[in-house]
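S.K.: Residue 541 is where the sequence shown starts when you use the numbering used here, and the numbers rise one by one after that. All C-beta atoms in this analysis are idealised placements derived from N, C-alpha and C, irrespective of residue type, glycine included. Structure below; questions to follow.
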Amino acid sequence: MESHRLSTNVVPKHYALMLTPDLNNFTFKGEVVVSVEIKEPTALITLYASDLEIRSANARVFPSQQELSATPILDKKAETLSLDFKTTLPQGTTELRIAFSGKLNDQMCGFYRSKYVAKDGAERHLATTQFEATDARRCFPCWDEPACKATFDVTLVVPNDLDAISNMPVAESKSYPNGMREFHFTTTPIMSTYLLAFVVGKFDSIESKTKDGVLVRVFTMPGKSEQGRFALDVAAKTLELYNEYFAIPYPLPKCDLIAIPDFAAGAMENWGAITYRETALLIDPENSSAAARQRVAIVVAHELAHQWFGNLVTMQWWTDLWLNEGFASWIEYMGVNHLFPEWDIWTQFMADAYAPALRDDALRSTHPIEVEVHHPSEISEIFDAISYEKGASVIRMIEVYLGPDTFRDGLRAYLKRHQYSNAATGDLWQALEDVSGKPVRNIMESWTKQPGYPVLTLMNLGGDLFGIRQTRFLSSPLLTLTPEEEAQVWHIPIPLGITGASGKGQESLFMRQREAQVELSRAHGWVNLNAHRIGFLRVNYTPELWKALEKPVAQKEIGPIDRFGIASDLAALTRAGQLPTTQTLEMLQAYRNETNYTVWIQILGILGALKNLLAYKSCYEEFCAYARDIFAGVWRSVGWDARENESHLDSLLRALVLGAMGDYKDPYVGKEAGERWLAHLAGKKPLDPNLRVSVYAITASCAGQKAPSVFETMLKQHRASELQEEKNRYLRALGNFQDPLLLKRALEFSLSGDVRSQDTIWAIASVSENPAGRNLAWEFFKENWEEFNRRYSEGGLKLISRFVSSVGNPFTSEEKAQDVEMFFQTHEAPSARRAIARTLERIRANAAWLKKDGASIAEWLANRTKVQ
């Protein structure tokens, strides 16, 4: 395959970069001086540049001091700048000086502009950066590959009334008579271009210091600094924890956390100048929910982990993106658990990381954790559940296999060995092997170099002898394993905790072959394979062993992680056609007395998949009644109002259960939600922030004849709110109305200037998840393809994949699969190829599931109704 990498004959050593942004005309001009090492004589030097105008380019050759001018040649498709010197530059050090200019774009990538409304009602702008994965080249000509590390001196020239922030502290600043001010920052450590950052605008800030003397600051838009107080506290304590865990002190003198109004990702780990969406950093004590607080803690812990795992040691190439993201997605839970043990965050890991990874990796269109990346357009596609959540899950697995202390010592060795340099996955395995003496590479390559994962099937071979067989699991009943897939085997490195009713603890089994045997005493009564769900896999049983699990689940003889896992495995096997859906419907009744928040997330997910499947079927109302019955007991337990000093998890559970009761059309909940919303608007009784997402959505769904006026009021509330979290609550609620005309307005509103580009997805997804809006969302997406493509197919993270998944995944017919397929045959979206393939696979799996089990589900629900 054609290479899209730069030659290694010329490598950068140091950049001196000066930029002058113009926030009135949305342009910038700059000059970069790059000290490069030329390994072999050449007359042509090629580096990256995109969307830039090159004003001049020359070189100074050392030690002769010879000055040479170059002819700049821009290749728009390849995003390169070639400097033709017409004469050969010698081996050794040369200094390139390039003057350039560009635009502060509105696409949330490169050097871009963001806007906000100031306290005086005026619209203001700031300039900021987002360079991951390949957008530093949109700001200045550079060697924009992670292995091309260098040091950076940054100088920003800005109006006197604006602040400037970069990776390092300000070394000096000086003002000029023309009203401009120059900020010069101290030299960075050696690092990759994608980690460079600068932000220019008006900010408020708060600060503290770690016990090691690192200055920690949170920067916000004017008037919002106190909303950064929670994140500031989390950041300072997490830095201290990581200093101890990694045994390498945080290497920069300061760590800034900066809230950006327009931001494509959740956050970006720029070294020493981490940028965030406002909703991932700011907490309003009066109006933010417990879920928002937890999200901020998780995101802060994730980005701070990158300061070591990603910044200090950086992947060699994007093939090893998971080294950055998988590790940070694992250790964020360790960090949050250290600060907030009462949150039971490792149980929540099952719902937030483990289960989503199992879901996506069960598709044939998945990819290995270590996936070859050739063209820049492919990079954004792997910022997905495989790199993040599967990566975190296999890290969790190997930590259990090695033991936490040995694993930590291996990480320390890895970081120390490769600090200020680059590494590949094999380097991590080597460090862990060196410390542990165990065959880590041999085991883990079966998890990172091949796609998918196994399902373990437990079968009685007679008496107390049981057999276990592993085969690749595919989530679609349409698919049968190919010979290549049949041949796949995983080395399962952890004791498969086999617990049973005997209460004698766990038996252990290591699987390195396709089949294994184990003796289980009949006294076990029931068997729970893969206890604590450490192995990244599914488990299937014989019908009698599945049936035997109902009682221990109902009586909570099995812990919450395993109650979660049992339901998750059962549902996945059902969707894959390996078990009848009626078996899942029966089993879910054993969860009626469940009390654990994370387990309820899984139950809600299973019911949601069935709700989507049955939305247009005659048994839909009977299904909603069944779902209400499942939730009835826990709803009576949690009720509407918070109890004094109740736990974080109780708050999360109440919001989840309320949302479920509303979603499944409980008339009393619908009426009460509307009344509470009106009382909230009137200032009579403020709504608990934890309940607002659910109450707003239920109110919209149940508005009936009042829907037009409720819609207008919600639009007004969205526009009036200064808290982005509140805006997003209303934006999501707009997709819950039942009137197609109002849903069409919600879709149109999502693309308006009142909605930030990164938040459009909230309304689109909400409408597409609403049975009344499923087809509307897809047609709207097609009709407005040019705008979606312009906004979300270009630039850094290329968010178009999220929209493809949102509007396509709910469909349940082959007809719709063909519609989606045909549309993308004539509307190219290179950065969404994987998302399109996954979406088509899911639609066809839904259609096959409905065809196979639709009639039996309807019959089961009808019989249940008769009995009642």
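Quick check on residue 654: does DSSP put it in helix, strand or coil?
M.R.: DSSP places residue 654 in strand when its eight states are reduced to three.
S.K.: Mind listing, in chain order, the continuous beta strand (DSSP E) runs of no fewer than 3 residues lying wholly within the stretch 1239 to 1285?
M.R.: With a minimum length of 3 residues, no continuous beta strand (DSSP E) run stays inside the stretch 1239 to 1285.
S.K.: If distances are taken between C-alpha atoms only, which option among 1297, 1357, 1355 and 1338 comes closest to residue 802?
M.R.: 1297
S.K.: For residue 747 and residue 780, what's the separation of their Cα atoms in angstroms?
M.R.: 15 Å
S.K.: Which same chain residues, not among the five before or five after residue 596, have their C-beta less than 6 Å away from its C-beta?
M.R.: 639
S.K.: Give the range of the alpha helix (DSSP H) segment to which residue 1164 is assigned.
M.R.: 1160 to 1178
S.K.: Alpha carbon to alpha carbon, how far is residue 1001 from residue 1083? Give it in angstroms, no decimals.
M.R.: Taking the Cα positions, residue 1083 is about 15 Å away from residue 1001.
S.K.: If you measure between the beta carbons of residue 561 and residue 740, is that distance less than 7 Å?
M.R.: Against a cut-off of 7 Å, the Cβ pair of residue 740 and residue 561 comes out as a contact.
S.K.: Let me know the secondary structure DSSP gives residue 605 once reduced to three states.
M.R.: coil
S.K.: Pull up the CB-CB distance for residue 794 and residue 709, whole angstroms please, since I reckon it's below 8 Å.
M.R.: 6 Å
S.K.: Look at the alpha carbon of residue 927 and the alpha carbon of residue 902, and state the distance between them as a whole number of angstroms.
M.R.: Residue 927 and residue 902 have their C-alpha atoms some 14 Å from each other.
S.K.: Mind checking which residues open and close the alpha helix (DSSP H) that includes residue 1220?
M.R.: 1207 to 1221
S.K.: Considering only the alpha carbon of each residue, which of 981, 1217, 962 and 1350 lies closest to residue 935?
M.R.: 981
S.K.: Can you check DSSP and say which residues form a bridge with residue 615?
M.R.: Paired residue(s): 620.
S.K.: Looking only at C-alpha atoms, which of 1395, 1383, 768 and 1068 sits nearest to residue 1110?
M.R.: When each option's Cα is compared against that of residue 1110, the closest is 1068.
S.K.: Determine, using beta-carbon pairs with one atom in the stretch 1189 to 1203 and one in the stretch 1228 to 1239, whether at least three such pairs fall under 8 Å.
M.R.: yes
S.K.: Would you mind working out which of 1361, 1332, 1220 and 1371 sits nearest residue 649, comparing C-alpha positions?
M.R.: 1332
S.K.: Measure the beta-carbon distance from residue 618 to residue 608 and round it to whole angstroms, keeping in mind my assumption that it falls under 8 Å.
M.R.: At roughly 24 Å, the Cβ-Cβ gap does not stay under 8 Å, so residue 618 and residue 608 are not in contact.
S.K.: Please report how far the alpha carbon of residue 1363 lies from the alpha carbon of residue 1314, in whole angstroms.
M.R.: 17 Å
S.K.: Going straight from the alpha carbon of residue 1360 to that of residue 1316, what length do you get?
M.R.: Distance between the alpha carbons of residue 1360 and residue 1316: 14 Å.
S.K.: Which residue comes first and which comes last in the alpha helix (DSSP H) that contains residue 885?
M.R.: 885 to 889
S.K.: Among all the DSSP beta bridges, which residues are the ones paired with residue 873?
M.R.: DSSP lists no partner for residue 873.
S.K.: My assumption, with CB atoms under 8 Å, is that residue 1345 sits in contact with residue 1378. Please give the rounded CB distance.
M.R.: 7 Å
S.K.: Looking at the structure shown, is residue 958 part of a helix, part of a strand, or coil, going by DSSP?
M.R.: Three-state DSSP puts residue 958 in a helix.
S.K.: Which whole-angstrom value describes the C-beta separation of residue 760 and residue 822, a residue pair presumed to lie in contact below a C-beta threshold of 8 Å?
M.R.: Rounded to the nearest angstrom, the Cβ distance from residue 760 to residue 822 is 7 Å, consistent with a contact under 8 Å.
S.K.: Are residue 1033 and residue 983 close, meaning C-beta to C-beta below 7 Å?
M.R.: Going by C-beta atoms, residue 1033 is nearer than 7 Å to residue 983.
S.K.: Closer than 8 Å by C-beta to residue 711: which residues in its own chain qualify, once you throw out the five before and the five after it? Chain order, please.
M.R.: 724, 725 and 726
S.K.: Between 1227, 853, 885 and 1386, which lies nearest to residue 1410 when the distance is taken from Cα to Cα?
M.R.: With the chain covering 541 to 1408 only, the question about residue 1410 has no answer from this structure.
S.K.: Measure the Cβ-Cβ separation of residue 1220 and residue 1226 and say whether it is below 7 Å.
M.R.: Taking 7 Å as the cut-off, the beta carbon of residue 1220 is found closer than this to the beta carbon of residue 1226.
S.K.: With a 10 Å radius around its C-beta and 16 neighbouring C-beta atoms as the bar for buried, classify residue 657 as buried or exposed.
M.R.: exposed
S.K.: Quick check: what's the CA-CA separation for residue 1150 versus residue 834?
M.R.: 29 Å
S.K.: Just to check my reading of the structure: residue 1007 and residue 1055 have Cβ atoms closer than 8 Å, yes? What is that Cβ distance to the nearest angstrom?
M.R.: With a Cβ gap of about 6 Å, residue 1007 and residue 1055 count as contacting.
S.K.: Taking the alpha-carbon positions, what's the residue 541 to residue 919 distance?
M.R.: Only weak support is given to the placement of residue 541: the predicted model assigns it a pLDDT of 42, under 50, and the question is left unresolved by the model.
S.K.: Residues in the same chain with beta-carbon distance under 7 Å from residue 873, minus the five sequence neighbours each way, listed in chain order, please.
M.R.: 885, 886 and 889
S.K.: Quick check: the Cα distance between residue 1080 and residue 997, rounded to an integer number of angstroms?
M.R.: Whole-angstrom Cα-Cα distance: 5 Å.
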